[in-house]
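Q: Quick one: structure below, then a few questions.
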Amino acid sequence: MRTLARISVLLTLAVAAAGCATEPSTPPAVGDRVTVAQGGLRGTDDRTVVAFQGIPYAAPPTGAARWTAPRPADAWPGERDATRPGPRCPQTGPSGALLGDEDCLTLAVHGPSGTRSGAKRPVLVWIHGGGLNVGGADETDPRRLVTEGGIVVVSINYRLGALGFLSVPGLPGGGTFGLRDQQLALRWVQQNIAAFGGDPGRVTLYGVSAGGDSVCSHLASPASRGLFHRAILGSSACHGTNALDTLRPGLGPAADTWKPLPVLDGLGTTYAAGLGCPDANLDCLRALPTEKVAAANVYYWSPATGTETLPRRPSEAIAAGEAADVPVLMGIVRDEGASLVAGAYAAPPLDEARFTEFLSTLAGPRAEAAKAAYPLAGRTPNRAFADVYGDRSFACPNMITYRDLGDRVWVYELTEPDLPAFRFTPPPDMAGTTAHGADLSMIFTVLDDPRPLTEPQQRLARQMRAYWAAFVTTGEPRADGAPTWPAYGDPGTQLNLRAGGTVAEPAEVAAERHHCAVW
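This is the structure in structure tokens:
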């Protein structure tokens, strides 16, 4: 009997041990430590959000590597401190002084505390704006979207200005280095984001202003295929027609958002000569100090078309059905031109004669209709030209993009007035506007402009974050308790976002609001 009892106990223990051996173990929460392909990282965990900042995704593009394709970061020994943001890429600050460092190709990852490695949370990759000349991953805080939406947010730095988009004859990859940085960051996400609890199969690209233009480029770039699965674009225009030439008529192709490679080659050759490097000698250019290269950013440096990275303009690729087949959420704010015109014509402001001249130049044969659509009565020429700029460069070109993207596009216009707008304090004649980039302040916290929202505006911001998070999660912006957001469709429906009541409206209403019959 004792022998049988012992056998019974041993069998029970064996079965229990076998059960433990086959039962999968639960991975630990990410916490403030994680391991990626290059090594260990130590970040922060405040029990609400885990954050890892200043993570190199590429080797330093310095010295002989200046103006070369980015390559993956090398491994590092031990554990790397990831508690502080990495430096911004070189740019000229508001005072004219150099900011940043060429060793700048880093990113940050924010996720909900308690997230386990392999949890497969949806991922949002944020591409900052700033005209492809300024900005950085550290200028916004995504924690509200992270906690409310339960998603992982990756924010990236990329080369700016001439360092990111210079081209001269014979330079491999000219005009595309900043875009290729972004693509390498997306490959890093595919390789490493699971360690942070993110899902590499659910990656959404998000950009506002020039960041949105970058998203346009990735929609059109064959090299970006498979690196993202949805796209959000704010305050940008894939079909935009020379936005700076609208602001200052006569600048020509040097001001275009996307430039053919030969145009960039010509600009680059002139730029190099101005820096004392005749014949665009690369050894000479690479030997220049960072300060001199960044200070000479006199052009709107932008991605080159007719290249392996970007064979066609995004508008052409979208119209031809060659863009990435992914769901898209995109839109504008009501007064896109307010901050841009106020900055360009602060001193001296436009007078009636210059306003009329600019309007006639831009409208061409429709000049009389334009004068009727944009009267000066009761407002300054600057205020009237702000409407011209926003309508011609953003609102009306985007109507073409909405139509060409097909069935899986959701469109918004933010019309709530007096919202904080990125880098803009409105002068008296721009009071009450919804200025360029105001949509960003509803989704992220803009760290250098933390102006408070009113309670109705806070409710609208929560509603918008719920839409954004739902889109990142499912590919459709359907949020509990919020008005239904229909796809754009045919003949076109968009969501008018405002604190007094968000409503769906026909696209023709928006077209009339922005005088698209003129443009």
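Read left to right, the sequence shown gives residues -21 to -1, 1 to 498 (mature numbering (1 follows the signal peptide of the UniProt record, and there is no 0)). Each residue gets a CB set at the ideal place from its N, CA and C atoms; glycine is no exception. Note that the structure is a prediction, hence the values are computed from the model and not measured.
What does the alpha-carbon distance come out to for the pair residue 299 and residue 384?
A: For the purposes of this step, residue 299 is taken as residue 320 along the sequence shown, with counting starting at 1. For the purposes of this step, residue 384 is taken as residue 405 along the sequence shown, with counting starting at 1. Distance between the alpha carbons of residue 299 and residue 384: 10 Å.
Q: Which runs of the beta strand (DSSP E), 3 residues or longer, sit entirely within the stretch 433 to 480?
A: Counting whole runs of 3 or more residues, the stretch 433 to 480 contains the beta strand (DSSP E) stretches 472 to 476.
Q: Mind checking whether residue 140 and residue 112 have CB atoms under 7 Å apart?
A: Locating residue 140 in the sequence shown gives position 161, counting from the first residue. Locating residue 112 in the sequence shown gives position 133, counting from the first residue. Yes, Cβ-Cβ distance for residue 140 and residue 112 is below 7 Å.
Q: Taking 6 Å as the cut-off, does the CB of residue 373 come closer than this to any heavy atom belonging to the ligand SAH?
A: Although the ligand SAH was asked about, the structure shown includes no ligands whatsoever.
Q: Locate the alpha helix (DSSP H) running through residue 193, then write down its first and last residues.
A: One-based indexing of the sequence shown puts residue 193 at position 214. Unbroken alpha helix (DSSP H) run through residue 193: 189 to 199.
Q: Taking the continuous beta strand (DSSP E) assigned at residue 60, which residues delimit it?
A: By one-based count along the sequence shown, residue 60 stands at place 81. 58 to 60 is the extent of the beta strand (DSSP E) around residue 60.
Q: Of the choices 373, 128, 129, 136, whose alpha-carbon is the least far from that of residue 119?
A: Residue numbering aside, residue 119 sits at position 140 when the sequence shown is read from its first letter. If we check each option's Cα against that of residue 119, 136 comes out closest.
Q: Using 10 angstroms around the beta-carbon of residue 331, count the other beta-carbons present and answer buried if the total reaches 16, otherwise exposed.
A: Mapped onto the sequence shown, residue 331 falls at position 352. When all chains shown are included, residue 331 counts as exposed.
Q: Tell me whether the stretch 278 to 290 and the stretch 234 to 253 touch, counting them as touching only if at least three CB pairs, one residue from each stretch, are closer than 8 Å.
A: The stretch 278 to 290 vs the stretch 234 to 253: in contact.
Q: Three or more beta-carbon pairs under 8 Å between the stretch 343 to 354 and the stretch 419 to 437, yes or no?
A: Short answer: they don't touch.
Q: Counting Cβ pairs closer than 8 Å, one from the stretch 410 to 417 and one from the stretch 302 to 321, do we hit at least three?
A: Judged by Cβ distances under 8 Å, the stretch 410 to 417 makes contact with the stretch 302 to 321, as three or more pairs qualify.
Q: For my contact list, residue 103 and residue 132 are in at a C-beta cut-off of 8 Å; report their separation, rounded to the angstrom.
A: Along the sequence shown, one-based indexing puts residue 103 at 124. Along the sequence shown, one-based indexing puts residue 132 at 153. At roughly 5 Å, the Cβ-Cβ gap stays under 8 Å, so residue 103 and residue 132 are in contact.
Q: Between residue 253 and the rest of its own chain, which residues show a CB-CB distance below 7 Å, the 5 nearest in sequence each way excluded?
A: Here residue 253 refers to the residue found at position 274 of the sequence shown. Counting only Cβ-Cβ distances below 7 Å, and skipping sequence neighbours, we find 275.
Q: Whose CA, out of 101, 356, 160, lies closest to the CA of residue 81?
A: As a working note, residue 81 is residue 102 in the sequence shown. Comparing Cα-Cα distances from residue 81 to each of 101, 356, 160, the minimum goes to 160.
Q: Near residue 355, what residues of its chain come up, given a Cβ to Cβ distance below 8 Å and the 5 sequence neighbours on each side ignored?
A: Position 376 of the sequence shown, counted from the start, is the residue given in the question as residue 355. Excluding residues within five positions, the ones whose Cβ falls inside 8 Å are 331, 334, 363.
Q: Looking only at its chain, what residues have a beta carbon closer than 8 Å to the beta carbon of residue 207, apart from the 5 residues adjacent to it on each side?
A: The residue you call residue 207 lines up with position 228 of the sequence shown. Cβ neighbours of residue 207 beyond the five flanking positions: 104, 165, 182, 183, 184, 197, 303, 305.
Q: Quick check on DSSP: helix, strand or coil for residue 167?
A: One-based indexing of the sequence shown puts residue 167 at position 188. The answer is helix: DSSP assigns residue 167 an H, G or I state.
Q: Short check: CB of residue 67 to CB of residue 78, under 7 Å?
A: Against the sequence shown, residue 67 aligns to sequence position 88. Against the sequence shown, residue 78 aligns to sequence position 99. It is a contact, given that the beta carbons lie within the stated cut-off.
Q: Look at the Cβ atom of residue 475, then the Cβ atom of residue 487, and state whether they are nearer than 7 Å.
A: Taking the sequence shown and counting its residues from 1, the one referred to as residue 475 is at position 496. Taking the sequence shown and counting its residues from 1, the one referred to as residue 487 is at position 508. Contact: no.
Q: Going by C-alpha to C-alpha distance, which of 177, 249, 12 sits closest to residue 58?
A: What you label residue 58 is simply residue 79 of the sequence shown in a count that begins at 1. With distances taken between Cα atoms, residue 58 lies closest to 12.
Q: With DSSP run on the structure shown, which of helix, strand or coil describes residue 391?
A: Position 412 of the sequence shown, counting from 1, holds the residue named residue 391. Of the three classes helix, strand and coil, the one that applies to residue 391 here is strand, per DSSP.
Q: Taking 7 Å as the limit between beta carbons, can you name the residues of its chain near residue 15, skipping five residues before and five after?
A: Along the sequence shown, one-based indexing puts residue 15 at 36. Closer than 7 Å at the Cβ level, and outside the excluded window around residue 15, lie 171, 174.
Q: Rounded to whole angstroms, what is the Cα-Cα separation between residue 469 and residue 327?
A: One-based indexing of the sequence shown puts residue 469 at position 490. One-based indexing of the sequence shown puts residue 327 at position 348. When rounded, the distance between both Cα atoms is 44 Å.
Q: Quick check on this structure: which residue in 138, 493, 194 has the alpha carbon closest to the alpha carbon of residue 293?
A: Here residue 293 refers to the residue found at position 314 of the sequence shown. Taking only the C-alpha atoms, the option nearest residue 293 is 194.
Q: In the stretch 242 to 325, which residue ranges form an unbroken alpha helix (DSSP H) of at least 4 residues, counting only runs that do not cross its ends?
A: Taking only runs of at least 4 residues, the alpha helix (DSSP H) segments lying wholly in the stretch 242 to 325 are 261 to 266, 269 to 274, 293 to 298, 317 to 323.
Q: Using the three-state DSSP reduction, which class does residue 430 fall into: helix, strand or coil?
A: Taking the first residue of the sequence shown as 1, we reach residue 430 at position 451. In this structure, residue 430 counts as coil in the three-state DSSP scheme.
Q: Between the beta-carbon of residue 125 and the beta-carbon of residue 29, is there less than 7 Å?
A: Here residue 125 refers to the residue found at position 146 when the sequence shown is read from its first residue. Here residue 29 refers to the residue found at position 50 when the sequence shown is read from its first residue. No; because the gap between Cβ atoms is not below 7 Å, this pair is not in contact.
Q: Does DSSP classify residue 106 as helix, strand or coil?
A: Within the sequence shown, residue 106 is the residue found at index 127, counting from 1. Three-state result, residue 106: strand.
Q: Is residue 38 helix, strand or coil when you go by DSSP?
A: Locating residue 38 in the sequence shown gives position 59, counting from the first residue. In the structure shown, residue 38 sits in coil (DSSP, three-state: anything other than H, G, I, E or B).
Q: Just list the residues that DSSP pairs residue 100 with in beta bridges.
A: Walking along the sequence shown from the start, residue 100 turns up at place 121. Paired residue(s): 177.
Q: Are the Cβ atoms of residue 61 and residue 21 separated by less than 7 Å?
A: Residue mapping note: residue 61 aligns to position 82 of the sequence shown, counting from 1. Residue mapping note: residue 21 aligns to position 42 of the sequence shown, counting from 1. Contact flag set, yes.
Q: Reducing DSSP to helix, strand and coil, say where residue 185 ends up.
A: In the sequence shown, counting from the first residue as 1, residue 185 sits at position 206. Reduced to three states, the DSSP call for residue 185 is strand.
Q: Report the partner residues of residue 78 according to the DSSP bridge assignment.
A: Stepping through the sequence shown from its first residue, residue 78 is reached at position 99. DSSP, once it has assigned bridges, lists 70 as partnering residue 78.
Q: Give every residue of the same chain whose Cβ lies closer than 6 Å to the Cβ of residue 213, excluding the five residues on either side of it in the sequence, and list them in chain order.
A: The residue you call residue 213 lines up with position 234 of the sequence shown. Here the set comprises 187, 191, 418.
Q: What are the complete alpha helix (DSSP H) segments, minimum 4 residues, inside the stretch 389 to 424?
A: Counting only runs of 4 or more, we get 419 to 422.
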